[in-house]
Amino acid sequence: MIDLFISAFVTLFVVIDPLGCAPIYAGLSAGADRHQAFVMALRACVIATLILLGFALFGEKLLGALHIGLDAFRIAGGIMLFLIALDMVFERRTKRREERAEELQAAHVEDVSVFPMAMPMIAGPGSIATVMLLMSRAQGLEPSLVILGALLLIMVLTFAALAAAGPLMKLLGERIEAIITRLLGVLLAALAAQYVIDGLKTVIG
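Per this note's numbering, residue 355 is the first one in the sequence shown, and the count goes up by one each step.
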């Protein structure tokens, strides 16, 4: 169970990327005071958590209603995560997030908790697919609770990163952030490849 928790924690940490969301949130909430920024960060994480928990608990039933097999979802989710990993390694993901933040600032959007922070930056397609893939591999109640526990811990860390976004960015600096993002991208690429291999094994077998 400890290995499962660590695996789920690392996978979700890489995909949700709290450290990557922090600088974007710092830019989006630049015009807000400390209390407003704190409240928006809390609201964003609560909404994202509810979305991810919903897909974690009921995503398999949704796939069944749409007549989509878990193996097909593993392969599609693995490909999607691999594309995200490529963006992280070549820093295209960070650039797109910054461009989105600049567009929202130009449009004078005040409350950014729901869009774009809760969706799609935290509870985006990649994190939704990851949660569903992890839950599909859990056999029994205890492994499922372990994965949900890892998800909740990641969301707590995400909230902490958003709440401390300003000081955190000053501490890390752009170069350290870029190095961390690329390393996590390589790990995510390997995990994505494993998802595709698992799906293909079952289909071919």
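For every residue, glycine included, the Cβ atom is placed at its ideal position computed from N, Cα and C.
As the structure is a computational prediction, the values presented were derived from the model and not from experiment.
From A519 to P377, what distance separates their C-alpha atoms?
Computed Cα separation, rounded: 6 Å.
Contained beta strand (DSSP E) runs [length at least 3] in the region 458 to 517, N- to C-terminal order: DSSP runs (the beta strand (DSSP E)) wholly in the region 458 to 517: none.
From this set, R491, M442, A426 and V369, which residue's C-alpha is nearest L554's C-alpha?
For L554, the nearest C-alpha among the options comes from A426.
Just curious, the alpha helix (DSSP H) that G432 is in, first and last residue?
Residues L424 to V443.
Would you mind listing the alpha helix (DSSP H) stretches within the region 368 to 393 that are 4+ residues and don't spill past its ends, in chain order?
Counting only runs of 4 or more residues that sit fully inside the region 368 to 393, the alpha helix (DSSP H) segments are 372 to 382, in chain order.
Review point. Whose CA, out of I433, G418 and L358, lies closest to the CA of R548?
Key: The displayed chain sequence assigns Gln, not Arg, to residue 548. I433 is the residue among I433, G418 and L358 whose C-alpha sits nearest the C-alpha of Q548.
Item to complete: Please check the pair P402 and A492, which I expect to be a contact at CB under 8 Å, by giving their CB distance rounded to whole angstroms.
Response: One detail in the question is off: residue 402 reads as Ala in this sequence, not Pro. With 8 Å as the limit, A402 and A492 do not qualify as a contact, their Cβ atoms being about 21 Å apart.
Supposed contact pair L538 and L435 - C-beta distance, whole angstroms, cut 8 Å
Approximately 12 Å separates the beta-carbon atoms of L435 and L538; this is outside 8 Å, ruling out the contact.
- Query: Exposed or buried, which one is V368 when buried takes at least 16 other CB atoms within 10 Å?
  - Reply: Label assigned to V368: buried.
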